[in-house]
Structure formats: structure tokens, C-alpha cells
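Protein chains in written order, with my numbering: chain S, -1 to 188; chain D, 2 to 225.
Yeah, the Cβ is synthetic: ideal placement off N, Cα and C, and Gly gets one too.
Below is one structure, written out as C-alpha cells, with a few remarks after it.
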């Protein structure tokens, strides 16, 4: 499969539902940030030691969810193309909550602010958290800008909950990465 | 790109092949039990470590699945199909692809080059008829499925890029590429464009759409 099509050389791209939009549009900005988030999440997994396969696979599963979110963001409501999309329910956010609780059980109680730092995988998890928050802001902006046409209402709500929870997950994952790699939280002594 | 794993593979026996134009074969195979598809989707044939994608032109309810293929001199799949006999078995996966007919937001315009007309044959056979089809070919003898498409669709325009003399004798044909037709004959407005063909055509037509047909939707299936 060739990667380049040339159809986006002049600043526009096609949505999955067919509309031609500027690459600077709120919708493209939203799934562009989502793409960046996915890449940073891949970096988190790549930076972990090889003996943490369970965590790597968990991150990979979340990356797959992010692709699903991207497909929804690339599709306007009512398009026949939605038949190819997997329903996005509240389940992925619930799974993140379970993962957060599970990781937290292994971590010391947090009594101070922590600074992004420690093991490289922890730093990257903090970076992913920041990108996730930005993605969330972009999706909110898209929902506001499209006034109900960003996507199916319920799906968009599930996506926003998922992104909100994913930021929390990534914060805990950052601490957990330090824990897994034998490093302490970097505490803020300000 | 969709990931193909062994469990997705289906097997099918060849029913028949027939030439429908110089160097273009129509291939019919048995439809495996339980195999279903949407008009416009393709199957991926898998042979000895390589694969080829073909859009189905048959109706989803037919007993056979049918596709057309341009014969490539020295091409591995071409050679295999040409030599194949009825009953020979082939492996494929599918259906794949998202190039289906959408509920119309605007007047549909189908643009194809060569065997890229295949999904529009499938659309037509499934009852889609309110569309303009531009079929770009170098010579009139490459106008496959014209007998089916011309009476089926609102407007059928053969765009003949090289065989000018011949196109002059072909009623309703346009002498020139599909891009020339779009630039000179189609009123600027918003349409639902469906493009299937080679990359260069799709790139050129998409640029035209951005320039002349703002507010249009574009659905693309390209050949590598």
C-alpha cells in the first residue's frame, strides 16, 4: 500500500464521511492531537523494561481504543460510514478505572505534588498525560464548535469521559512506571 | 490497512473466466457459504505470499462472486488466472473496504478510470441509479460494462482520452479525460463524488473538487 495520495497537498483532507475540510479545522486538530497522544503512549511502552509485558500490552490495548476514537472524530453523524465503526461505549473508561485502582494498590499514598521525572517511561507517561489533556480540550472545542454535529451525542460523551479518565490513568501510570523500575516519585519540595 | 490473519481466509472455486475487453478478464467464483459483502467492497486474493485486491461487481445475493481484472503481462496473479480451470480453488479474505454508496447529501457523481468502474457496477446492480458516471478510458474498446451502466444510470459519459476518431463515432462520448469533463461540462456546485481509479486521476480530480465544487463530499478508492 502506498502511503501518499497527493490529495492533501493543498491544505485540505477528506473525512471518513467524505467532507473535504481544512487541515486546520477543529476536527482535524482534535484527531491530530489524538494521533500525537497515541505516539507518546507508544513511547511509554517502548521505554519500559522488557519484563513489564502486561503493562505494555495494556498500553497497546488503549492505543487501539484511541484509533477507534479517531475514527469517530473523522466521521460526521448520520454518515453511512458509521456502520464500519465500532461502538464506543462507557466500557473503556470503566476499564481505565479498574487499571487505576489496581496500580494504586501498589503505590505509596500521595501526600505531596510530584514532578514529572524519574524513569524515562514515567517522564513519557507525564508527557502523554499532558497531550491527553490537550486532546480533551480539542475535543471539547470541537463539540462546542459543531454544536451537536461533532458526532453522536452519546458517543461523544463516552469519548470525553474516556479521555478524562485516560489523563488520570497516565498520571498513575507515571508513578507506577517509577515503581516498576525501582525509582521513587520525584517530590516537589516547594 | 486491514490486518489479514489465516483465520480470515476463505476458499472458493473458479466457475469461469471471460474476456470483456482487450486484456480485461471477468472472473466468476463460487460464493463461499456465509460470505456477504456490501456493493463497493473488495476481496483480497492471497497466493504464495502475495496478494491482489479486486472489487466485486456482482450482486451480494448472487451465487457467484464476480470481479474484473486487467491482465498484466508477466503478472503472477494474471498468469495464474489465465491458466486456471473451472474448479481450481483460490484463497481470499474479505470483504474489505469502506467504499460504499452513502445516502445522498448531494447529486452523486461517479468518476472511474479503467477497471475502476467496478464498484459502480456493483452499485448499479444493487439499485443505485440516480448518478452521473464518468468512465475514463484510452480507447472505446475499454468501456467495460457499458451495456449495463448506460441504461441503469441517470447519465453515463464515456471519456475517451486517446481514441478520438473512435469516440467521435460513439454516441454521447466525451473526447478527453475525466478531468477535462469536470472542468468544462459539470456546473460548479456541491456533489457527492465517488472516485475509483489510478492515483494520478484521484489526485487531479480531488484538486478540481477543491477548486470548483466546494461543499462536496469525496469518497475515494485508489489503485496502488
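By the 10 Å Cβ neighbour count, where 16 or more other Cβ atoms means buried, how is residue 55 of chain D classified, buried or exposed? buried
Within a Cβ cutoff of 8 Å, which residues of the same chain sit near residue 88 of chain D, ignoring the five residues on either side of it in sequence? 14, 15
Taking the DSSP output, what are the residues bridged to residue 223 of chain D? D/198
Taking the beta carbon of residue 33 of chain D as the centre, do at least 16 other beta carbons fall within 10 Å, making it buried, or is it exposed? exposed
Counting Cβ pairs, one atom from each stretch, are 3 or more of them under 8 Å apart for the segment 150 to 168 of chain S and the segment 85 to 96 of chain S? yes
Here's the rule I'm using: 16 or more other beta-carbon atoms within 10 Å means buried, otherwise exposed. How should residue 83 of chain D be labelled? exposed
Counting only C-beta atoms, is residue 103 of chain D closer than 8 Å to chain S at any point? yes
Would you please verify whether the beta carbon of residue 63 of chain S is less than 8 Å from any beta carbon of chain D? no
Which same chain residues end up closer than 6 Å to residue 122 of chain D when comparing Cβ atoms and leaving out the 5 residues on each side of it in sequence? 58, 146
Give the secondary structure of residue 29 of chain S by DSSP, where H, G and I count as helix, E and B as strand, and everything else as coil. helix
Using only alpha-carbon positions, find the residue among D/172, D/51, D/144, D/95 that is nearest to residue 117 of chain D. D/144
Three or more C-beta pairs closer than 8 Å, one from the segment 207 to 221 of chain D and one from the segment 186 to 193 of chain D: is that the case here? yes
Please report whether the beta-carbon of residue 99 of chain D lies at a distance below 8 Å from any beta-carbon of chain S. yes
Using 8 Å as the limit for Cβ to Cβ distance, is residue 3 of chain S near chain D? yes
Could you check whether residue 181 of chain D and residue 161 of chain D sit closer than 8 Å to each other, using their CB atoms as the reference points? no
Below 8 Å on the Cβ atoms is my guess for residue 137 of chain D versus residue 113 of chain D; work out the distance and round it to an integer in Å. 7 Å
C-alpha gap between residue 104 of chain S and residue 180 of chain S, whole angstroms: 12 Å
Chain S partners of residue 231 of chain D, CB-CB under 7 Å? Outside the shown range of chain D, which is 2 to 225, sits residue 231 of chain D, and nothing can be said about it.
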